Amino acid sequence: MARRRTVHILVALAGLAAAGGVAAAGPRALRKHTFKVRLGPLPANQKVAWSHGPYEAGDCSICHASADPRKPGPVSKPGNELCFGCHEEFQEIMARRYKHPPAQESCLHCHNPHNSAEKKLLHVELGAGCKDCHPAIREVAAKARVKHGALETGARCASCHNPHGANVEKLLIQLPFDLCVNCHGADGMKDHAGVSLTNFKKLLEENRFWHAPVAAKDCSACHRTHGGDNFRLLVADYPAKFYAPYDLKNYALCYGCHNEKVVGEPVTRTLTNFRDGSRNLHFVHVNKAERGRTCRACHDVHASKQPLHIRQGVPYGVKGWILRINYTKTPTGGTCAKTCHETKTYSRAGAGASRK
Amino acid sequence: MGTAVRARRLLAGLLGAALSGIGPAPALAFANVAAGDPVGDEELPTLGGGRAALWSPRALANVFVFFRPRQDHSLSTLKAMAECEREFEKRPVRWVAVVSGDWAREEVLATVAEAGVRFAVLVDAGDELYGRLGVRLHPVVGIADARGRLLDYVPFHKVNYCDMVRIRIRRALKEVDQAAVERVDHPPRALMPNEIPGAVAKRHLHLGEALLQRKQWQKAAAEARVAIGRSPELAAAHALLGRALAAGGRCPEALRSFDEALRLEPGNRAAAEGRKACAARR
């Protein structure tokens, strides 16, 4: 029984995917463990932290043909059917919309059925086992200039992903926002540099106009959750300051969804409602060679108290003084009372700029 | 924006204000068109030549995808919709994509070819349709009914986008109800094995049953007790304890377990049979 079986497990993801919810993801490359998988009990000289109940009790015949621990013989049922005989909850888990192909194929890809030094009888530590088959994630996490603490704390990968089956793509346990606020929904969180991070539960409770990806609980539309090179793990460039010279590529994040022509055309009657007659006021504010106002000057990217994500005020300068925007909506446009500039009113019905 | 849209927006705003607790303020679909509004019936030139409208009265679900070239989200969405279109090809679903007329034809053709799109691509010269509907985002999917009224608006989602569009098409086809849409939009948490209520108790129950089959009644009884300790309401565990005790010749105790199993689940067959057998032995 103490024999050591070394197997290099080929996980035929493509074929399995066709049988489950991962079909939508399309064919996937074959993946292979680089570590050796041991299915027999750990050798006597190796530390055992966790044992499977029947093995610990010497009840070999629960799984094997014989009760003799020296010659237990073959297992009594093929594949996962044997495991699911006791682990009944997997009938529900493996019926979920998205399934992890290795889990569909064999529990033994990740678990030792006898004992282990790792929790849940895993062959290797949870995160390490995941990254072994998902080297791209390992590389992103290792090379990222901005790290995400979630990858190295708590249940690591399993904080956000269910390694068996889930109802959300990417085997996410919940929709992204519901997962993110598990950590980012409290005061006192800080980033690697010690800067306080927003309590998003509180922010959203206090600000009822949510940016569409926030309302859709789709944080990953803008944030790279495994690590990245941009400020705040943003998926693409976004100006970090109030002023920036206008350059299309600086706004790659916003233009991932928004139409870049909204700031590119000086005159329009179709691209935006922020216009005075046909004079495009987004163009006027943002499209400047030097001190262009960035999106953040007027919009709060997560949530605001006013429609269109318009801020009430924006932190300005090194001390973060709050610059009031004083925006008021009107039936055909709006008014911004002075702080940035003298009070100005715009109207889509009008012919050009007007001032009070 | 029409009076009807303003009225709906006002009503939605009042409803939103009346709601308590966390939740976003209601948003309009396209900036100038709300659900229920007509999307217009003008014909636009197509990329392949000819002209086509955004919707057809012959389709119960008219799906239109606004996209642009040189954008990852648009490309991934078009690919997903191309697959989705094949899935619905035998049902009354009509698909079109819409692209601004400002993009070079070659760029649009390249994007469409890479995505494997088979349906018509409408070219919006001068962004007339974009402006009339108020399309502010790319990609975005709209669904209209057979009368050309907007049923649904689905802006891009990085996660579960295809599922969200698919279920809305099915609702337009009247294959599912709103509750099914809600289930897709708010998928239940995928609990880990040990988080599932009763899962651990049932493992002990099944192990105990396997042990009893192997005539190890004392171990079976021990497993049943662990199961009961974790889930006192699990009738099957009480029945197992009764059967294990009966196998060990301890019918008076077994009867108490059978009675408890039958109290929890009057139809529990194992308990009823076990009780009968024990009573016959007395």
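From first to last, the protein sequence lines stand for chains A and D.
In this text, residue positions in the first sequence follow numbering that gives the first Met the number 0: the first is 0, and each later residue adds one.
In this text, residue positions in the second sequence follow numbering that gives the first Met the number 0: the first is 0, and each later residue adds one.
Just so you know, even glycine gets a beta-carbon here, dropped at the ideal spot from N, CA and C.
Quantities reported herein were computed from a predicted structural model and do not represent experimental measurements.
Comparing alpha carbon positions, the residue from A:Cys-256, A:Arg-95, A:Lys-76 and A:Leu-150 closest to D:His-137 is A:Cys-256. Around D:Pro-56, no beta-carbon contact reaches into chain A at under 7 Å, the shortest distance being about 27 Å. Interface with chain D (7 Å Cβ-Cβ cutoff): A:Asn-286 is excluded. Of the other Cβ atoms in all chains shown, 16 or more fall within 10 Å of the Cβ of D:Trp-94; this residue is therefore buried. Contact between the region 59-68 of chain D and the region 81-98 of chain D is present, with at least three C-beta pairs closer than 8 Å. Judged by their CB atoms, A:Thr-269 and D:Asp-123 are not nearer to each other than the 7 Å cut-off. For A:Cys-218, same chain residues with a beta-carbon under 6 Å away, outside a window of 5 residues either side, are Pro-175, Phe-176 and Cys-179 in chain order. Of all residues in the region 204-228 of chain D, those with a C-beta nearer than 8 Å to a C-beta of chain A are His-205, Leu-206, Ala-209, Leu-210, Arg-213, Gln-215 and Lys-218, reading in chain order. Close partners of D:Val-62 in chain A (Cβ separation under 9 Å) are lacking, with about 17 Å as the shortest Cβ gap. In the three-state scheme derived from DSSP, where H, G and I count as helix and E and B as strand, A:Asp-186 is classed as coil. Interface annotation, D:Gly-130: in contact with chain A, CB-CB separation under 7 Å.
Secondary structure of A:Thr-267 (DSSP, three-state): coil.
For the C-beta of D:His-72, the chain A residues within less than 7 Å are, from N- to C-terminus, Gly-255 and Cys-256. Contact of A:Asp-58 with chain D by beta-carbon distance below 9 Å involves Leu-206, Ala-209, Leu-210, Arg-213, Gln-215 and Lys-218. Ranked by Cα distance from A:Asn-44, the options A:Arg-295, A:Thr-152, A:Ser-115 and A:Lys-287 are led by A:Ser-115. Annotated as distal: A:Leu-252 and A:Tyr-345, with beta-carbon spacing of 7 Å or more. Only exposed fits D:Gly-48, as fewer than 16 other CB atoms lie within 10 angstroms of its CB.
Not flagged as an interface residue toward chain A: D:Val-92, since no C-beta distance is shorter than 7 Å. Taking a Cβ-Cβ cut-off of 8 Å, the neighbours of D:Ala-30 in chain A comprise Asn-272, given in sequence order. For the C-beta of D:Lys-157, the chain A residues within less than 7 Å are, from N- to C-terminus, Asp-217, Ser-219 and Ala-220.
For D:Arg-135, the chain A residues whose C-beta falls within less than 7 Å of its own C-beta are His-257 and Asn-258, listed in chain order. Judged by DSSP secondary structure, A:Lys-343 falls within the beta strand (DSSP E) whose first and last residues are 343-346. The beta carbon of A:His-301 lies closer than 8 Å to those of Thr-197, Phe-199, Leu-202, Leu-203, Asn-206, Trp-209, His-210 and Val-213 in the same chain, with the five residues before and after it left out. A:Lys-98 sits in a strand when the DSSP states are folded into three classes. Note: D:Ile-142 is bridge-paired with D:Val-62 and D:Asp-151 in the DSSP secondary-structure output.
Cβ-Cβ separation between D:Ala-260 and D:Gly-248: approximately 19 Å, too far for a contact (criterion under 8 Å). In this structure, the alpha-carbon of D:Val-116 lies about 26 Å from that of D:Val-175.
When 9 Å is used as the limit between beta carbons, D:Ile-195 is near these residues of chain A: Glu-88, Glu-91 and Ile-92, in chain order. For the region 151-221 of chain A, the continuous alpha helix (DSSP H) assignments of 4+ residues that do not extend past its boundaries occur at 156-159, 175-183, 199-205 and 211-214, in sequence order. Exposed is the label assigned to A:Ser-195, since fewer than 16 other Cβ atoms lie within 10 Å of its Cβ. When C-beta distances to chain A are compared with 8 Å, every residue of the region 260-280 of chain D stays at or above that value. Proximity of D:Ala-34 to chain A, defined by a Cβ-Cβ separation below 7 Å, is not satisfied. For D:Val-92, the enclosing beta strand (DSSP E) covers residues 92-99. Put simply, the backbone Cα of D:Arg-165 is about 22 Å away from that of A:His-99. In the structure shown, D:Trp-102 adopts coil according to DSSP, grouped into three states.
For A:Val-47, the CB contacts under 6 Å within the same chain, skipping 5 residues up- and downstream, are Leu-41 and Asn-114 in chain order.
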